[in-house]
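Student:
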Amino acid sequence: MHDLLQYGAGILILVGGLLALTAAIGLLRLPDLYTRMHAASKAGAMATGLMYFSIAITAAYALDGAVILRAIIGFLFVLLTTPVSAHLLARAAFISGYRPSSATVIMELEQKDIA
Amino acid sequence: MRFLLAGLVLALMWAAVTGSFTFGNILFGGVIGFVALWLMRDRIAQPTLYRKFARAISLSGLFLYELSLSALRVAILVVRPDMKSHLKPAIIGYPLRVKSDREITLLANLITLTPGTLSVDVSNDRKVLYVHALSAPDRDKLIADIAGGFEQKIMEVFE
Amino acid sequence: MIETTFAILIGVFFAVAVYLLLSKSVIRMLLGITVLGNAVNLLIFTAGRLTRDVPPIVTDEEASRLIEPFANPLPQALILTAIVIGFAMFAFLLVLGYRAYQELDADNTDTMRLTEPEKAPQPPLNY
Amino acid sequence: MSGEDFLSLAASITLVILSIAFILTTFRVVRGPELADRVLALDMLVSVGIGFIAVIAIKTGFTLYLDIAIALSLVGFLSTVAFARYILTHGKPAESLKKEEEAADA
Amino acid sequence: MQDHLDFTIVFVALAPFLAGFVAPLVQRFVGAASGWVLAIVPAGIFVFLLGFIAPVASGEVVTASLPWIPDYGISLSFLIDGLSLTFALLISGIGTVIVVYSGGYLKGHVHQGRFMSFILMFMGSMLGAVLADDMIVLFVFWELTTITSFLLIGFDHAREAARRAAIQALVVTGGGGLVLLAGLVMLHIWSIDASQETGTWLLSDMRENGELLRQSALYMPILLMVLVGAFTKSAQFPFQFWLPNAMEAPTPVSAFLHSATMVKAGVYLLMRMNPLLGGTDIWMALLTVFGGITLLWGATLALRQTDLKQMLAQTTVASLGLLVLLVGQGTEYAIAGACLYLIAHAAYKGGLFLVAGLIDHGTGTREITELGGLMKLMPLTFAAAVLGGISMAGLPLTLGFLAKEEMYLGFSEAGGLLPYAVMAVAVLGNALMMAVGLAIAIVPFFGGLTHTPHHVHEGPVSMSAGPLLMGLVALAGGISVGWLGENFLSPIAHAVSGHEFHAHLKLVPDFTALPVYVSILTWALGVFFFWRLTEIRTGLKALLDAVGWTFDKIFDALMWGLVRGANALTQVLHHGRLELYLVIVFVGFALAVGMPMLVHGGWPEIGAMPDLTFYEWGVIAIALIGLGAVLAARTRLVAIASLGIQGFAVALIFMLFGAPDLSFTQFMVEVLSVVILALVMTRLYLDRRDRRVPYEMVRDGSLAILCGAAISVLLLTILQYPLDMRLTELFAATSVPIAHGHNVVNVILVDYRGLDTFGEISVVMTAGIAIFALIRMRGGGKQTGIGARKPQGREVNRRTAS
Amino acid sequence: MAASTHANDLTALPMAMIDHATPIDNWLVVLPVILCLMGGALLLIMRKSRGGLASFAILITIGVILSDAVLLMRTLDGPVSMTMGKWLPPFGIAFTADVMSASFALAAAVAVLAVLFYTQAELETREVRHGFHALVLLLLGGVSGAFLTGDIFNLYVWFEVMLIASFGLMIMGGRKIQLDAAIKYGFLNFLATTFFLTALGLLYGTVGTLNMSDIVRAAAEAPKVPMMAIASLLLLAFGMKAAAFPVNAWLPASYHAPDPGVSALFAGLLTKVGAYALLRSLVVLMPATRDWLEPVLVVIAVGTLVLAPLGALAQTNLRRALGFFVIGGIGAILAGLAIGNTHGLQGAATYAFNSMLVMTAFYLVAGLVERTTGEVDTRQMGGLYAANTPLSIGFLILVIAVAGLPPSFAFWPKLLLVQGSLEAGTNWLLAAILINSLLTSIAGTRLWAHIFWRQGRYGAHSEEPNDRLRPLGAARWGFAAVPTGVLVVGVLLLGLWPDPVFVAGRKAAEGLLNPASYIEATGLAQRQDPVSETQEAMDHTEATQ
């Protein structure tokens, strides 16, 4: 049982690490702020979430309630805060005049709509 | 009875958070929990609470699933050598059905975490949510996805 | 020895800090102050010798004491104090730089010459 | 291979991966080009940092690290919000100041 | 009884100071009569001291001592022997006259009270200096005379000349005093070495060991230092220039300073030191040469002057030279001559100065060429002038004559060629001085009455009584030779030479001996010079104009050079460019850290490749990237963001090496720093380019590398030694059982080293106030920092800025 | 279960812990610091009424003075040490006071008291509301802490308390010139404390301990070359704080910028802490590095002594000129340090004590002069001699005091320095000390001549009376003159009756040269190897259970 949990935790952190890596790659490769934000807020948040989760798993064997609870709280916290910050940042960037890259195919929002 | 149960759960959570399962600590958590419950007794006395709770769980489940999916898609997208050709970013005006600020916020946040979408802003009249999509070949399909998925669930939770 | 690498790294930190501090620009100097603070903290940390991974936290309830190996806690306590103090100082200097920029219209220390005017008058040559 | 060994190995590998991610993100911080890009990258940097801490927590078994990670999440979030607010209120400088700087250069 | 005496004598030295404190009050209450009232103090002292004449004449040395600084071996020790008693009597006697005189001279002056205060304090300082036995007490009073004379000379402060003279006097005598201090302390150190004990500060304790001192290696430096002190004070060449300038002071001050006090202090010191330092060839050579030059210099320049006070001042220089020369001879008669001359000079010179003051007061001018025919209108003044003049000329029946006889006897007794040569110098000097004396006593009073600024009138009694009295003393001293010889000359010469001395003064000179004829020669020369006075004066004026520079001008040039040089130097050292200040600081840093190893070796050994894991390398790489980016950053935001990166890397390092608390704090601080920096600083303009020119970049870069390398190497060296882990061991062992904390770092912070945390909290709290004040206090308010007159304040600020 | 066994351990650890209650009078050692910091915090909380704040601050300062005075009395019989908390040094932080630290703390508190009275006249309401008095008390707290602590890292903390409080005071008023001054002051001083921290890190890495008494023991066995570098670094850091040549640029750049009261406070307190730290660290802690540092010290001391009065000579801004006098005083202290024998150190300690009082008084007098003339430039002043007798007397006494001439108290330390340098044969220092006195008296008397003697302002009409003078008048300014006068008279009286200070100075110097009693006070001498003894005691306890 213990081994199993450890394998699980190991796989989870590996996946999380890889997700973080891809998020970083995305951050580098994607053309503009909004697209990069997809990478950071989704893959990034997921990566962090997985890390917390694997801590919860490693603690599960010892039945360390405090740690599990805290890990879950951390996980929830990341899920709650990442979209908020991403949304705020996107909004701020747009209002301050940050144009999406020329690759954008549909463009329904104009500055005047929200000014 | 429900009141007692909730109090007990709160006491155990307190113990877990503080990391000490001694009797004194649990008792202390219980006292705090009961005080808190007593202070907000009006709000939890509603019969719909449990139904709402169940729906919230359901929403969370959907959300987690979508999140994993979206993370995976982004990951796959960015590691493709031919990323540029698969990338079709768009900003789409999504007509809102939910009304309250609370709901809009929640929806906007959830949209941000779902595959390929990211909420940018709400129009001044609170009728349109502008969404940025990573890859949106088809505008209407995207709108339909959102309307049928998260917005529906949120409306259920908040009725 | 792990410390060797860190000694060199600390040297780099110091060098960068010195270079920034000499830059005549208040903002760059502030960056230099921060880097220097980090350099000194790392220096104390390294001077107290390095131990991988093991924080000085007692986990073994039976022994009720730290069991080798463990990281040296004393430098950590010192650095903790130093970090907080350094941050307070940094915050003050930052606001000071900002106010100076507002009032003196410059970020260039070469042009801030109110206290020591460029051509200090010579005292009169009489008694 | 026992679970313990695997976990330890996975942790080490993850640390390596995270280091690479960290460096890549760093590039974005440095490259910009806009303030918003950097803020985003810094936010990501915090995320990777949290990952780092979490992995070390698993590796060493000290749960104290968990608290650090949570606190860091909080701080990272707050800083991003603060930056966003800043961009919102002082958004213009991001581009116009750059032009000023270029003008000053010329 | 002795206790009682101790207190009394110490009180004598201090009483003038007390009187000085109350003088302004007295002046306010009694007005013009203050001179008479305040004169009670010096007169009382004079009378008190008269009582010592008999015991001192009988060979007794009265000492008095009160503890002052027992821990340092310094006591308020005073000694009354022939020398100090004579000086003290002169000082207090003339002081009485001067105080009375000042009451009239400065009547109605707005600062008369202040003046009285200064002059009394000055008198006290002189009294203290001559009575002191303890070297440090002597020095304290010595410097007090410098300070009080500074105030007296600059009394007429509205005129620049007075200010200049005061500063000049202070610089010369004060500077000499400092050298003297070193000499005195060295003397004390010698006494430690000599006695193998705690040593002594008392001159009377050392007198017996003069021989030992003269053989010691310390003799030479001590001698030179003491001589510098004495020469500056007594206006010996080349320091003579300050004295004539000191004439800027009101006349009573000049009279006092130049007759019995201040300038005589140097002579006093030489006489006092004679038993200790005197008698060697070097002593004799130095004193003779400098004294002789000073004598001729002063006497010659005196002829060139037309201002009565200037003439007198220059002759004072000459007299001082003569005194120094005589002391330097060391023979019994020379010393006796010096002693007599000292008394004579004090009496007549004081009187003549007061006469000059009277003439000034009565006519409004002191130019000898503008004066004439005053005899009828100012009879008392004339009488006083004649009395002083004949004493100065050294005519028989006066003290001056006796002194001259004695000194010539001193030269002729010595035998050999050299003393005769010295005697020739003395004769010439005396003759020149005689000419001046005659000029002052005769020219203003005979001939036709000239037109003067004031309507000519005799001064009040308070003013004319003094000079008359002093002239009479000079005469009476010359007549009562027996009493004088027994009661003054013998004890004073005893004190100066250190052995018994029997006076042999006679009213009628011994016509069988050489001195009388030398005196006659002197008179003849003097009359000749007086006869040709105008020609000599014109000739000298032409000569001096041809030379073009004076010591005065040199002094000024030195002062301005000093000010200009100081200004230039300060511009170089305190240029106001922060980055250059920092360059110096970092050069210091590199030297401090690097030099010990460069000089003493001890380079660290760099072992094998360090066994870092890959991710540790990664973290280090991140730190380096961050640092590089901070350096390369061309915009503020990049710089700030890069700063965040290196901070994160540091936090990660802390985490990897077992310091979670640190790591956490570092993360927090780093994020906060970056956020605040970005929020506050994005408004600031960060120049794209570094403002440094390439040369500066190279300089700063190499300095930075040096600093970094030095600290690396030093750290490596330190890391080669094992670290004493006692403290850590104890923390590890006791944290849980006694301090009840599992996180040892926290336990250290709050328990073992709780006080640090206390201070740290204070810092944060204070920083809060400071930042708040910084942000909230903008402009407005007072601008000068002096709390008032705002509009002009701004002006001041701008001035400082431009 | 755990608790019971641990209770036994408490009694088994006499070697590392205090086994008896700290005597009440030992609390005196920390009392000044505690009073100041608590007072500062309280002042922050109640920043409403103006008079109330000042009175409270004054009350606290009087309390500090009293406790310092009693402490000084106690230390005359030997150093006093006390440990905060239950851990004996070197594990806990000890406050250890000897004669030098106690007398310095006393002088600092007296200077602060004078300034508090003086600033009553000068302060604006907004300065009071922005925490002026709290900052002053915190500054005093930092200074007292620095003087009294016996732990070198703790010393660093107090340095920082002092520094940040001085930052706050420096910008109090918010004038442009203050901001400029604060930039220079801030960066250079913060660098100095950072260097101190660097040296501390290296020192810990070498000797493994932080308690000063313990360092004395450990430093004797420590490797020589690193200790030299550490000592050099400490010299640099403290030299910067003390404004020693050539790293003293911050002082003339900043001291004339803030209000005169604040300048006075800085002049009295700040540099002396640096000087104290130099004396403590280089003489007591690392005597072995003396050979290495001595030539450097001589050069620094000579440079400081000679260049400082030249700087004063070159200034037209009164308080800036005074800044150079402060530096000159530091030169004297450094000379004593470089001389290094009993008389030299006695002179250095006594001079520092003297300089605290004299320089505070001098800046206060300068403030009154500025207030009376309405100018800061000496060329625009003039005519004060006729107009204001007390001010003239005060200024003159202080000129004499900075020049080190009798009868001012400053003469005595100069005398000691002269004797010390003659005994040690350091002729360069002797010459520099004398030249310093001469140049300082030139600069001082020139200031005096220009400000006081000259009738009018510099220029064509300098012989005409200055019509811009305003009498100190207004009651509050008259009141401000009182503490200044008291300070001046105090300096003079000390000069006339210096024996007590000589005794204190001698004990300070002996304590510096022979720290045995200092070490004994902390109890370290008796406990050779506290760790193993503690360990044995614990093992013993466990074995018996």
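Residue numbers (the numbering used here), protein chains in the order written: chain A, 1 to 115; chain F, 1001 to 1159; chain E, 2001 to 2127; chain D, 3001 to 3106; chain R, 4001 to 4802; chain G, 5001 to 5545. The beta carbon of each residue, even a glycine, is placed where N, CA and C say it ideally should be.
Please compile the residues from chain A whose C-beta is within a distance smaller than 7 Å of the C-beta of D:F3062.
Tutor: Counting from 1 along the fourth sequence, the entry for residue 3062 of chain D is found at position 62. Chain A residues near D:F3062: none, gap ~11 Å exceeds 7 Å.
Student: Using a beta-carbon distance below 8 Å, is A:T35 in contact with chain D?
Tutor: Position 35 of the first sequence holds residue 35 of chain A. Not one chain D Cβ lies under 8 Å of A:T35.
Student: Kindly list, in the order they appear in chain G, the residues whose Cβ is closer than 9 Å to that of R:H4600.
Tutor: Here residue 4600 of chain R refers to the residue found at position 600 of the fifth sequence. Correct list: K5224, V5225, M5228 and W5292.
Student: Determine the direct distance from the alpha carbon of D:L3088 to that of F:V1120, and round the result to whole angstroms.
Tutor: In the second sequence, residue 1120 of chain F corresponds to position 120, counting from 1. In the fourth sequence, residue 3088 of chain D corresponds to position 88, counting from 1. Approximately 13 Å between the Cα atoms of the pair.
Student: Assuming G:A5332 contacts G:I5442 (C-beta within less than 8 Å), just tell me the rounded distance between them.
Tutor: Working through the sixth sequence from its first residue, we reach residue 5332 of chain G at position 332. Working through the sixth sequence from its first residue, we reach residue 5442 of chain G at position 442. Between G:I5442 and G:A5332 the Cβ distance is about 17 Å, and since that is not below 8 Å, they are no contact.
Student: For chain E, find out if any of its Cβ atoms is closer than 8 Å to the Cβ of R:G4793; answer yes or no.
Tutor: Within the fifth sequence, numbered from 1, the residue matching residue 4793 of chain R stands at position 793. With a pLDDT of only 35 at R:G4793, under the threshold of 50, the placement of this residue in the model should not be trusted, and no figure is reported.
Student: Let me see if you follow: with CB-CB separation under 8 Å, is D:G3049 close to chain R or not?
Tutor: What you label residue 3049 of chain D is simply residue 49 of the fourth sequence in a count that begins at 1. Yes, contact with chain R.
Student: What span of residues does the alpha helix (DSSP H) with F:P1095 cover, start to end?
Tutor: Position 95 of the second sequence holds residue 1095 of chain F. Looking at the DSSP string, F:P1095 is not in any alpha helix (DSSP H); the run it does join, the beta strand (DSSP E), is A1090 to P1095.
Student: To which residues of the same chain is R:S4519 closer than 6 Å at the C-beta, ignoring the five residues directly before and after it?
Tutor: Within the fifth sequence, the letter at position 519 stands for residue 4519 of chain R. For R:S4519, where only same-chain residues beyond five positions count, the Cβ hits under 6 Å are K4404.
Student: Does any residue of chain A have a CB that is nearer than 8 Å to the CB of D:S3012?
Tutor: For the purposes of this step, residue 3012 of chain D is taken as the residue at position 12 of the fourth sequence. No, because no Cβ of chain A sits closer than 8 Å to the Cβ of D:S3012.
Student: Using CA coordinates, which residue listed in G:S5103, G:S5081, G:A5107 and G:W5087 is at the minimum distance from G:T5096?
Tutor: Numbered from its first residue, the sixth sequence carries residue 5096 of chain G at position 96. Among G:S5103, G:S5081, G:A5107 and G:W5087, the Cα nearest to that of G:T5096 belongs to G:S5081.
Student: Leaving out five residues before and five after G:L5042 in sequence, what residues of the same chain have Cβ atoms less than 8 Å from its Cβ?
Tutor: Looking up residue 5042 of chain G in the sixth sequence gives position 42. Here the set comprises F5056.
Student: Using a beta-carbon distance cut-off of less than 7 Å, what residues from the stretch 3015–3042 of chain D approach chain A?
Tutor: I3017, L3018, I3020, A3021, L3024, T3025, F3027, R3028, E3034, A3036, D3037, V3039, L3040 and A3041
Student: Since F:H1086 meets chain A, which of its residues come closer than 8 Å, beta carbon to beta carbon?
Tutor: Locating residue 1086 of chain F in the second sequence gives position 86, where the first residue counts as 1. Those do not exist, as F:H1086 stays about 11 Å from chain A at its closest Cβ, beyond 8 Å.
Student: Have a look at E:R2049 and R:L4719 and give me their C-alpha separation to the nearest angstrom.
Tutor: Reading the third sequence from its first residue, position 49 is the one you call residue 2049 of chain E. Reading the fifth sequence from its first residue, position 719 is the one you call residue 4719 of chain R. Between E:R2049 and R:L4719, the C-alpha separation is close to 8 Å.
Student: Going by DSSP, what residues sit across from F:Y1130 in a beta bridge?
Tutor: The sequence position of residue 1130 of chain F within the second sequence is 130, counting from 1. Looking at the DSSP assignment, F:Y1130 forms a beta bridge with F:G1093 and F:D1121.
Student: Less than 7 Å between C-beta atoms, sequence neighbours within five positions excluded: which residues of the same chain meet that for G:S5517?
Tutor: Indexing the sixth sequence from 1 puts residue 5517 of chain G at position 517. If we look at G:S5517 and ignore the five residues flanking it on each side, its Cβ neighbours are G5078, P5079 and G5511.
Student: What residues of chain R sit near D:S3002, judged by a beta carbon separation below 8 Å?
Tutor: Your numbering for residue 3002 of chain D matches position 2 in the fourth sequence. The premise fails here: D:S3002 is roughly 21 Å from chain R at the closest Cβ pair, so nothing lies under 8 Å.
Student: How would you write the range of the alpha helix (DSSP H) that R:V4422 sits in, first residue to last?
Tutor: Reading the fifth sequence from its first residue, position 422 is the one you call residue 4422 of chain R. R:V4422 -> alpha helix (DSSP H) spans L4417 to I4442.
Student: Does any C-beta atom of chain E lie closer than 8 Å to the C-beta of R:G4588?
Tutor: As a working mapping, residue 4588 of chain R is identified with position 588 in the fifth sequence. Chain E, which has no Cβ nearer than 8 Å to the Cβ of R:G4588, makes this no.
Student: Leaving out five residues before and five after G:P5309 in sequence, what residues of the same chain have Cβ atoms less than 7 Å from its Cβ?
Tutor: If you number the sixth sequence from 1, residue 5309 of chain G lands on position 309. Cβ neighbours of G:P5309 beyond the five flanking positions: F5324, G5328, N5436, L5439, T5440 and A5443.
Student: List the residues of chain A that F:V1079 touches, going by C-beta distances under 7 Å, in chain order.
Tutor: Translated into positions along the second sequence, residue 1079 of chain F becomes position 79. What F:V1079 touches in chain A: T22 and I25.
Student: Can you tell which of R:F4122, R:G4759 and R:V4137 has the C-alpha that lies nearest to the C-alpha of R:I4147?
Tutor: Against the fifth sequence, residue 4147 of chain R aligns to sequence position 147. It is R:F4122.
Student: For E:T2004, return the contacting residues in chain G, with the cut-off set at a CB-CB distance below 8 Å.
Tutor: Taking the first residue of the third sequence as position 1, residue 2004 of chain E is located at position 4. The contacting residues do not exist; E:T2004 stays about 14 Å from chain G at best.
Student: When DSSP labels each residue in this structure, what does G:A5094 get in the three-state scheme?
Tutor: For the purposes of this step, residue 5094 of chain G is taken as residue 94 along the sixth sequence, with counting starting at 1. It is a strand residue.
Student: Determine whether the Cβ of E:A2082 lies closer than 8 Å to any Cβ atom of chain G.
Tutor: Taking the first residue of the third sequence as position 1, residue 2082 of chain E is located at position 82. Closer than 8 Å to some Cβ of chain G, the Cβ of E:A2082 qualifies, so yes.
Student: Which residue's Cα is closest to the Cα of G:A5229: R:L4598, R:Y4341, R:E4060 and R:Q4666?
Tutor: As a first step, residue 5229 of chain G must be located in the sixth sequence, where it is residue number 229. Checked all of R:L4598, R:Y4341, R:E4060 and R:Q4666; the closest Cα to G:A5229 is R:L4598.
Student: Taking all protein chains shown into account, do 16 or more other C-beta atoms lie within 10 angstroms of the C-beta of G:P5226, making it buried, or fewer, making it exposed?
Tutor: On the sixth sequence, residue 5226 of chain G is found 226 positions in, with the first residue counted as 1. Of the other Cβ atoms in all chains shown, 16 or more fall within 10 Å of the Cβ of G:P5226; this residue is therefore buried.
Student: Restricting to runs no shorter than 3 residues, where is the beta strand (DSSP E) found entirely within the stretch 4329–4410 of chain R?
Tutor: none
Student: To the nearest angstrom, how far is it from the Cα of R:G4095 to the Cα of R:A4039?
Tutor: On the fifth sequence, residue 4095 of chain R is found 95 positions in, with the first residue counted as 1. On the fifth sequence, residue 4039 of chain R is found 39 positions in, with the first residue counted as 1. A straight line joining the alpha-carbon of R:G4095 with that of R:A4039 spans about 8 Å.
Student: Closer than 8 Å, CB to CB, is D:I3068 near chain A or not?
Tutor: Position 68 of the fourth sequence holds residue 3068 of chain D. Output row for D:I3068: interface = no.
Student: When you compare only the Cα positions, how much space is there between F:R1139 and D:L3078?
Tutor: Along the second sequence, read from residue 1 onward, the residue named residue 1139 of chain F stands at position 139. Along the fourth sequence, read from residue 1 onward, the residue named residue 3078 of chain D stands at position 78. Cα-Cα distance, rounded: 34 Å.
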